[in-house]
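Student: In this note's numbering, the protein residues as written are 402 to 872. Sharing a structure below in structure tokens format, with a few things to ask.
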Ligand SMILES: Cc1ncc(COP(=O)(O)O)c(C=O)c1O
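This is how it looks when you write it as structure tokens:
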């Protein structure tokens, strides 16, 4: 028989590959401050040039690394940049990247406890820490997911199984119209008809109005519907608004609804005392979604769900099969697959565990508190500067603002202003609509963003607005 190509590398080749990759990455990270904040100019052209048939023959690693670092990565929004303040930043901690490398290279199976008990325990630790930080009880079970979207899906599936059983068409969901679209997507994927999702108007501060929830629930009950799922937001994507979480908890309790909080963006602010005050009521929910790839700064690919009555999460996801032998597990330990839609998956917990152990929780608490202070600082600059208006007082770290030009259309001016700022490549911001008005958003969350970057960002925004206003 012909000799097959060996897919195992020599120790020298493995070391060379690892070193080249790490060298390139460290250089890349050290050069971040001078790199453009976004560069999509040739993105389409380069993307098109990369189309190819499956490569029959291999090639050298150095060329592939060069292609990735010097051709692929530069044409993108520079999301780990300290001046990236668009959408929801996080930065992407380097130790998490090392954790992914360690997890993949050792390739242990962590879907079932028995296959790697100690590795499973590290993931369980992470979930137990989240449980403690959210003020949830010991009965809580959780899962680590790829992001907030899939975590929301499992929350909905759990509530559906528990409260609706098979009767999906009657089940009604209530949330403010500021709720992230992933919750609606999760509901639809979970089989809830789209017309059963009530997106209720918010107040002038973009927070949910509890009376509207109660009114809608009563009206649906009268029609013979089955209200079952109520969503509270702990930090909306649009404006960072935190809903009146305690009031919503009361309503959910009164009408026996599942109370879910989307804390994908805001939940980890509960680690610092400034955030705790704002997030009062998180612990009153039945489930919470938290995204470590936002508030814990780990790279994209980390969401999580906590369910207060862990048995409900399990009963919604638990199936058995003859090929999954019934291995006994000790009291207090969990088989991840029994709580999750997944079986085989990456060793996701390590990318959260490693930076928390390496830096300690204090470092995260300080960074989160710093982002709240920086946001407050920038908000005050906006208030002082003639021409600018903020749409609401920021509760967390999003400022939604616009500039009122001396003449002309406000919306057209602000669209032009955002395009001008982004084109300068000195700062990246994004936009949204609030009560139908086009606004520019600043979101301060990257662990790399400190006072100097926020001061510079404000100067860039101010100078751009004044310059365009003179034209
Ligand atoms: C408030 C909020 N909820 C949910 C999500 C969805 O999370 P993911 O993108 O991790 O799936 C986001 C994403 O930005 C978000 O900001």
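Beta carbons are placed, not taken as given, at the ideal position from N, Cα and C, and that holds for glycine.
Quick check: the segment 832-848 against the segment 772-786, are at least 3 beta-carbon pairs closer than 8 Å?
Tutor: Enough Cβ pairs lie closer than 8 Å, so yes.
Student: Pairing CB atoms from the segment 629-645 with CB atoms from the segment 607-614, are three or more of them under 8 Å?
Tutor: Yes, the segment 629-645 touches the segment 607-614.
Student: One question on the structure: do residue 509 and residue 748 come within less than 8 Å of each other, judged by their Cβ atoms?
Tutor: In contact: residue 509 and residue 748 (Cβ atoms closer than 8 Å).
Student: Across the segment 513-529 and the segment 734-754, are there enough close Cβ pairs to call them in contact, namely three or more that are closer than 8 Å?
Tutor: As far as the Cβ criterion goes, the segment 513-529 touches the segment 734-754, which means the pair count is three or higher.
Student: Note down, in chain order, each residue of its chain lying with its Cβ closer than 6 Å to the Cβ of residue 553, except the 5 sequence neighbours on either side.
Tutor: Closer than 6 Å at the Cβ level, and outside the excluded window around residue 553, lie 583, 584, 587 and 690.
Student: Just the C-alpha distance for residue 744 and residue 758, rounded to the nearest angstrom, thanks.
Tutor: Taking the straight line joining both Cα atoms gives about 26 Å.
Student: In the DSSP assignment, what residue or residues form a beta bridge with residue 844?
Tutor: Paired residues: 799.
Student: Suppose only complete runs of 3+ residues qualify. What are the beta strand (DSSP E) ranges in the segment 529-576, listed by chain order?
Tutor: Counting only runs of 3 or more, we get 542-546.
Student: So, are the CB atoms of residue 670 and residue 679 less than 8 Å apart?
Tutor: Result yes, Cβ atoms of residue 670 and residue 679 sit closer than 8 Å.
Student: By the three-class DSSP mapping on this structure, what secondary structure does residue 756 have?
Tutor: Helix at residue 756.
Student: Would you mind reading off the limits of the beta strand (DSSP E) that contains residue 688?
Tutor: Where residue 688 is concerned, the enclosing beta strand (DSSP E) stretches over 688-691.
Student: Classify residue 698: buried if its beta carbon has 16 or more other beta carbons within 10 angstroms, exposed otherwise.
Tutor: So residue 698 ends up on the buried side.
Student: Evaluate contact between the segment 494-509 and the segment 466-479, counting only Cβ atoms and requiring at least three cross-stretch pairs below 8 Å.
Tutor: The answer is no - the segment 466-479 does not touch the segment 494-509, with fewer than three Cβ pairs under 8 Å.
Student: Provide the residue(s) that pair with residue 635 in DSSP beta bridges, ordered along the chain.
Tutor: Note: residue 635 sits in a beta bridge opposite 643.
Student: Within its chain, find whatever has a CB closer than 8 Å to the CB of residue 484; leave out the 5 residues flanking it on each side and keep chain order.
Tutor: 438, 827, 828, 829, 850, 854, 857 and 858.
Student: Short check: CB of residue 668 to CB of residue 486, under 8 Å?
Tutor: The answer is no: Cβ separation not under 8 Å.
Student: Going by the C-beta, is residue 435 closer than 7 Å to any heavy atom of ligand 1?
Tutor: Outside the cutoff, so no.
Student: Is the beta carbon of residue 573 closer than 8 Å to that of residue 648?
Tutor: Not in contact: residue 648 and residue 573 (Cβ atoms no closer than 8 Å).
Student: Quick check on DSSP: helix, strand or coil for residue 838?
Tutor: Here residue 838 sits in strand by DSSP.
Student: With DSSP collapsed to three states, give me the class of residue 886.
Tutor: Because the chain is modelled from 402 through 872, residue 886 falls outside the range shown and cannot be assessed.
Student: Please list, in chain order, all residues of the same chain as residue 511 whose beta carbon is under 7 Å from its beta carbon, the five residues on each side excluded.
Tutor: Around residue 511: 517, 520, 521, 524, 737 and 748.
Student: Write down every uninterrupted run of the beta strand (DSSP E) in the segment 649-731 whose length is 3 residues or greater and which is fully enclosed by it, in chain order.
Tutor: With a minimum length of 3 residues, the continuous beta strand (DSSP E) runs that stay inside the segment 649-731 are 659-664, 688-691 and 704-708.
Student: Whole angstroms is fine: what's the gap from residue 615's alpha carbon to residue 631's?
Tutor: Approximately 11 Å between the Cα atoms of the pair.
Student: Just to confirm before moving on: does the CB-CB distance between residue 841 and residue 782 stay below 8 Å?
Tutor: Cβ distance not < 8 Å, so residue 841 and residue 782 don't count as in contact.
Student: Comparing the CB of residue 581 with every heavy atom of ligand 1, is any distance shorter than 7 Å?
Tutor: Within the cutoff, so yes.
Student: Hey, residue 433 and residue 481 are a contact pair by Cβ (cut 8 Å); roughly how many whole angstroms apart?
Tutor: Their Cβ separation, rounded to whole angstroms, is 6 Å, which keeps residue 433 and residue 481 in contact under 8 Å.
Student: I'd like the ranges of any beta strand (DSSP E) spanning at least 3 consecutive residues and lying wholly in the segment 579-623.
Tutor: Fully enclosed beta strand (DSSP E) runs of 3 or longer: 598-601.
Student: At a cut of 8 Å, does the segment 557-565 reach the segment 531-546 through at least three beta carbon pairs?
Tutor: No, the segment 557-565 is not in contact with the segment 531-546.
Student: Relative to ligand 1, is the shortest distance from any of its heavy atoms to the C-beta of residue 665 smaller than 7 Å?
Tutor: True, at least one ligand heavy atom lies under 7 Å from that Cβ.
Student: Given a threshold of 16 other Cβ atoms within 10 Å of its Cβ, counted over all protein chains shown, does residue 836 qualify as buried or as exposed?
Tutor: Residue 836 should be labelled exposed.
Student: Examine chain D for any beta-carbon lying closer than 8 Å to the beta-carbon of residue 651, and answer yes or no.
Tutor: Going by chain labels, chain D is absent from the structure shown, which holds only one protein chain.
Student: Do you know how far the Cα of residue 707 is from the Cα of residue 730?
Tutor: Using only the alpha carbons, I get a separation of about 21 Å.
Student: Assign residue 627 to one of three DSSP states: helix, strand, or coil.
Tutor: In the structure shown, residue 627 sits in a strand (DSSP, three-state: E or B).
Student: Secondary structure at residue 507, three-state DSSP: helix, strand or coil?
Tutor: DSSP places residue 507 in helix when its eight states are reduced to three.
Student: Please state the DSSP three-state secondary structure of residue 822.
Tutor: Looking at residue 822 - three-state DSSP - the assignment turns out to be helix.
Student: Give the secondary structure of residue 876 by DSSP, where H, G and I count as helix, E and B as strand, and everything else as coil.
Tutor: As displayed, the chain neither begins before 402 nor continues past 872, which places residue 876 out of reach and without an answer.
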